[in-house]
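*Asks:* Starting off with a structure, shown below.
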Amino acid sequence: MADAVGASVGEVTRVDDLGEIERASSPRWVWWRTAEIYPALLEAGVRVQRCHDLAAVQSLLRTYEGEPFVPPQSALSEPAGSGAVQISLFTDDEAASKPSRRLGAGPDGDPAMYGTYFGLAELRRHYAEQLAHIARVRKAHPGFGLLVAAESAAGLAAVEMGRAGLPWSTEIHDRVLTDLLGPRPQHHGRPRKLQVLAEEVSALLAPEKTGPALQVNPDSPADVLKAFKRQGVTLTSTRAWELKEVEHPAVAPLLRYKELARLHVAHGWGWQDQWVRQGRFHAEYVPGGVVTGRWATSGGGALQIPKVMRACVVADPGYVLVAADAGQLEPRILAALSADRGMIAATADADMYTALARQALGRPEARNEAKIGLLAAMYGARANTPAMVALKRRFPQALDLLERAARTGENGGIVRSVLGRTCPPPEPTWQEVPPEQALARSRARGRFTRNFVIQASAADWANALVAGLRRRLIALSDRAELVFFQHDEVLVHAPAMLAEAVVAAIADSGAEATALVLGDRGVRIPLAAAPITSYADKN
DNA sequence: GGGGACAGCCAC
DNA sequence: AAACGTGGCTGTCCCC
Numbered sequence: 208m209a210d211a212v213g214a215s216v217g218e219v220t221r222v223d224d225l226g227e228i229e230r231a232s233s234p235r236w237v238w239w240r241t242a243e244i245y246p247a248l249l250e251a252g253v254r255v256q257r258c259h260d261l262a263a264v265q266s267l268l269r270t271y272e273g274e275p276f277v278p279p280q281s282a283l284s285e286p287a288g289s290g291a292v293q294i295s296l297f298t299d300d301e302a303a304s305k306p307s308r309r310l311g312a313g314p315d316g317d318p319a320m321y322g323t324y325f326g327l328a329e330l331r332r333h334y335a336e337q338l339a340h341i342a343r344v345r346k347a348h349p350g351f352g353l354l355v356a357a358e359s360a361a362g363l364a365a366v367e368m369g370r371a372g373l374p375w376s377t378e379i380h381d382r383v384l385t386d387l388l389g390p391r392p393q394h395h396g397r398p399r400k401l402q403v404l405a406e407e408v409s410a411l412l413a414p415e416k417t418g419p420a421l422q423v424n425p426d427s428p429a430d431v432l433k434a435f436k437r438q439g440v441t442l443t444s445t446r447a448w449e450l451k452e453v454e455h456p457a458v459a460p461l462l463r464y465k466e467l468a469r470l471h472v473a474h475g476w477g478w479q480d481q482w483v484r485q486g487r488f489h490a491e492y493v494p495g496g497v498v499t500g501r502w503a504t505s506g507g508g509a510l511q512i513p514k515v516m517r518a519c520v521v522a523d524p525g526y527v528l529v530a531a532d533a534g535q536l537e538p539r540i541l542a543a544l545s546a547d548r549g550m551i552a553a554t555a556d557a558d559m560y561t562a563l564a565r566q567a568l569g570r571p572e573a574r575n576e577a578k579i580g581l582l583a584a585m586y587g588a589r590a591n592t593p594a595m596v597a598l599k600r601r602f603p604q605a606l607d608l609l610e611r612a613a614r615t616g617e618n619g620g621i622v623r624s625v626l627g628r629t630c631p632p633p634e635p636t637w638q639e640v641p642p643e644q645a646l647a648r649s650r651a652r653g654r655f656t657r658n659f660v661i662q663a664s665a666a667d668w669a670n671a672l673v674a675g676l677r678r679r680l681i682a683l684s685d686r687a688e689l690v691f692f693q694h695d696e697v698l699v700h701a702p703a704m705l706a707e708a709v710v711a712a713i714a715d716s717g718a719e720a721t722a723l724v725l726g727d728r729g730v731r732i733p734l735a736a737a738p739i740t741s742y743a744d745k746n
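Per the working numbering, residue 208 is the first one in the first sequence, and the count goes up by one each step.
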């Protein structure tokens, strides 16, 4: 992060010039929104090493100061009535000094360029203000500069990932869908196997009437509830876990229907038509789109690909996918944040939950109890299981950190991630309700802040991972591409001969993220990377 | 016919 | 076993 606005500010103008400057000195480009400017640069063959995304940083600074969360896409509103279309960006690097030029609007301007419509002076003013603001914040939260840099790097990675796309075999996808659902329907309507299940459910729930039309629509919870009621079965919902407890012949086909219908509507042929082009699933990623700093997506549902569909993600011939995820990231983050010596010791174990079970319960085979107990503590479960009590006794500092975060939230306070990402405050009127509702709101707010410190700090770590990995992959080869990132896991698509180098790049990036974000606290975050051909082969 | 609330399930 | 955090997405249902 530069500490001053470079003297060499210049409007750039033709993409070729920008590319030349980038190759010569890789400055930190300053612009309004990466998502608006960077796709056109990539289209023109210019890959940028570093940037400062004013909108993303504005979002971080706003919440830091106690303002409501504003997703980064809209953190900087555009001035009204602005006329000419121009791209404003500049570099803060003196070495990049060039005569003032203008990008996009000239007679020989690149028609592919479009963007945000601010003047350069306003851009410079915002940047200078942000730098001064960041410098102030860093006095209290030294990690904030890293947060800002990683957030901007994440923005670059997100655009590149969306452009590269996730290798997606439509052939395998078709096969999976056909196996599960039957052939693709000609027009609308349900695929054959889905229709058969729907009719079976209907016949079993409304046996008194028969005919081509369904008496019970399995997609309608109200319909299903009424039908079960007629059968003498009273349900409070049609959730899968509740249905599983009911003994009725319609339950099994209904559960199967729900499972398959979900795949059909959310990841079926329609989804493929919309999102997969030429063997690549192109999603739109939104770094910082979640209040905790996790990434979101807008369209395509890239962060919710069902596990059965992972078989569709396959490397090109001669390529591999290098997959890695940080196992048990959140409990490891908790160990680091709380500096609980016993819990830090447990992070040495590849399976942290077994270590916790051994230390707190004296029984390594109680792994699952320990896991559920700790997750429940991090999410704020009401029930206090014996495992939770044992964890509290054995790891008091760790559990106390969670309790304090919860108390802060219940009292209307704010909490921050390890790097300084800040949760938004409650609505000013949040307690202006009847007392029992006020208590419920207070508890809910406590669960939010309790989880925020963990989830947001895990997101800090993950963004640092992505930033470091991106840097290393750029140095390695244009053909080694980050193609997927999901909270704590990455997929790199690379020529097979680069597999080892990519594995090393991922391992190095993980170690770097741990050192940068968590410092020297002795916490281990394993990030085992392995080359695979199909995403289904992971783990 | 479009918007919004709600239900339900997918991911972490 | 079933209630405990962050989301996206799609269906139904009801309203305008």
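Built from N, CA and C at the ideal position, the CB exists for glycine as well. Keep in mind it's a predicted model, so treat the numbers as computed, not measured.
May I have a chain-ordered list of the alpha helix (DSSP H) segments no shorter than 4 residues that lie completely inside the segment 457 to 537?
*Replies:* 458 to 474 and 476 to 482
*Asks:* If the criterion is Cβ atoms closer than 9 Å, does the pair serine 553 and alanine 542 meet it?
*Replies:* One point to set straight first is that residue 553 is alanine, not serine, in the sequence displayed. Yes.
*Asks:* Only counting the same chain, and skipping five residues up and downstream in sequence, which positions put a Cβ closer than 7 Å to that of serine 716?
*Replies:* Leu672, Gly675, Leu676 and Arg679
*Asks:* Look at alanine 522 and serine 741 and say whether their C-beta atoms are less than 9 Å apart.
*Replies:* yes
*Asks:* Label lysine 578 either buried or exposed according to how many other C-beta atoms from any shown protein chain fall within 10 Å of its C-beta, with 16 as the threshold for buried.
*Replies:* buried
*Asks:* Secondary structure at serine 232, three-state DSSP: helix, strand or coil?
*Replies:* DSSP, reduced to helix, strand and coil, places serine 232 within a helical segment of the structure shown.
*Asks:* With distances taken Cα to Cα, identify the nearest neighbour of tryptophan 476 among Asp224, Met516 and Arg601.
*Replies:* Met516
*Asks:* Between which two residues does the alpha helix (DSSP H) carrying arginine 552 extend?
*Replies:* Note on identity: in this sequence residue 552 is alanine, with arginine being the wrong assignment. Counting along the chain, the alpha helix (DSSP H) containing alanine 552 begins and ends at 548 to 553.
*Asks:* Would you check if the distance between the CB atom of alanine 737 and the CB atom of alanine 530 is smaller than 9 Å?
*Replies:* yes
*Asks:* In the DSSP assignment, find the beta strand (DSSP E) that holds aspartate 715 and state where it starts and stops.
*Replies:* Taken as a continuous stretch (DSSP letters only), aspartate 715 belongs to no beta strand (DSSP E), being part of the alpha helix (DSSP H) at 706 to 720.
*Asks:* Tell me whether proline 641 is buried or exposed, calling it buried when 16 or more other Cβ atoms sit within 10 Å of its Cβ.
*Replies:* So proline 641 ends up on the exposed side.
*Asks:* Which residues mark the beginning and the end of the beta strand (DSSP E) in which proline 738 is found?
*Replies:* 734 to 739
*Asks:* Tell me which same chain residues have a C-beta within less than 7 Å of the C-beta of alanine 518, skipping the five on either side of it?
*Replies:* Ile379, Val383, Ser741 and Ala743
*Asks:* On the DSSP bridge list, what partners appear for valine 277?
*Replies:* Note: valine 277 sits in no beta bridge, so no partner.
*Asks:* So, phenylalanine 488 versus leucine 373, is the Cβ gap smaller than 9 Å?
*Replies:* yes
*Asks:* Which residue comes first and which comes last in the beta strand (DSSP E) that contains histidine 259?
*Replies:* 257 to 260
*Asks:* Compare the C-alpha of leucine 608 against each of Gly619, Ala594 and Arg623 and name the closest.
*Replies:* Arg623
*Asks:* Under three-state DSSP, which class holds tryptophan 238?
*Replies:* strand
*Asks:* Might you give, ordered along the chain, the residues of its own chain that have their beta carbon closer than 8 Å to the beta carbon of arginine 654, omitting 5 neighbours on each side?
*Replies:* Excluding positions up to five away in sequence, the list reads Tyr586, Gly587, Ala613 and Gly616.
*Asks:* Going by C-alpha distance, which of Glu610, Asp480 and Gln256 is nearest arginine 164?
*Replies:* What the structure shows of the chain is the stretch from 208 to 746, and residue 164 is not part of that stretch, so it cannot be assessed.
*Asks:* Could you give the uninterrupted runs of the alpha helix (DSSP H) lying entirely in the segment 567 to 612, keeping only those of 4 residues or more?
*Replies:* Inside the segment 567 to 612, DSSP marks whole alpha helix (DSSP H) runs of 4 or more residues at positions 574 to 586 and 593 to 601, from first to last along the chain.
*Asks:* Taking its Cβ as the centre, do 16 or more other Cβ atoms sit within 10 Å of arginine 601, making it buried, or is it exposed?
*Replies:* buried
*Asks:* Which residues does DSSP pair with valine 697 in a beta bridge?
*Replies:* Ala531 and Phe692
*Asks:* Is glutamate 243 closer than 9 Å to tryptophan 236 when the C-beta atoms are compared?
*Replies:* Not in contact: tryptophan 236 and glutamate 243 (Cβ atoms no closer than 9 Å).
*Asks:* Hey, quick one: how far does the alpha helix (DSSP H) through leucine 450 stretch, first residue to last?
*Replies:* 447 to 450 is the extent of the alpha helix (DSSP H) around leucine 450.
*Asks:* Using the C-alpha atoms, what's the distance from alanine 712 back to valine 498?
*Replies:* Whole-angstrom Cα-Cα distance: 29 Å.
*Asks:* Taking only the alpha-carbon atoms, compute the straight-line gap between alanine 211 and methionine 595 and give it to the nearest angstrom.
*Replies:* Note that alanine 211 scores 28 on pLDDT, short of 50, meaning its location in the model is unreliable; the coordinates nonetheless yield the value given after this. Straight-line Cα distance between these residues: approximately 50 Å.
*Asks:* Rounded to whole angstroms, what's the CA-CA distance from arginine 330 to cysteine 258? Just pull it up for me.
*Replies:* Here residue 330 turns out to be leucine, not arginine, going by the sequence shown. Looking at the two C-alpha atoms, the distance is approximately 14 Å.
*Asks:* Pull up the DSSP beta-bridge partners for threonine 629, would you.
*Replies:* According to DSSP, threonine 629 shares a beta bridge with Arg623.
*Asks:* Tell me the DSSP bridge mates of leucine 373?
*Replies:* As a beta-bridge residue in DSSP terms, leucine 373 pairs with Phe488.
*Asks:* Is there at least one non-hydrogen atom of the ligand PLP closer than 8 Å to the beta-carbon of aspartate 667?
*Replies:* Ligands displayed in this structure: none; no statement on the ligand PLP is therefore possible.
*Asks:* Hey, how far is the Cα of leucine 412 from the Cα of alanine 364?
*Replies:* Approximately 51 Å between the Cα atoms of the pair.
*Asks:* Using the C-alpha atoms, what's the distance from glutamate 696 back to valine 222?
*Replies:* 34 Å
*Asks:* Just checking my contact of arginine 657 with alanine 546 at CB under 8 Å: how many whole Å lie between their CB atoms?
*Replies:* Incorrect: roughly 18 Å between the Cβ atoms, too far for contact.
*Asks:* Tell me whether the beta-carbon of valine 699 lies closer than 9 Å to the beta-carbon of glycine 350.
*Replies:* no
*Asks:* Would you kindly report the start and end of the unbroken alpha helix (DSSP H) that includes proline 428?
*Replies:* 428 to 437
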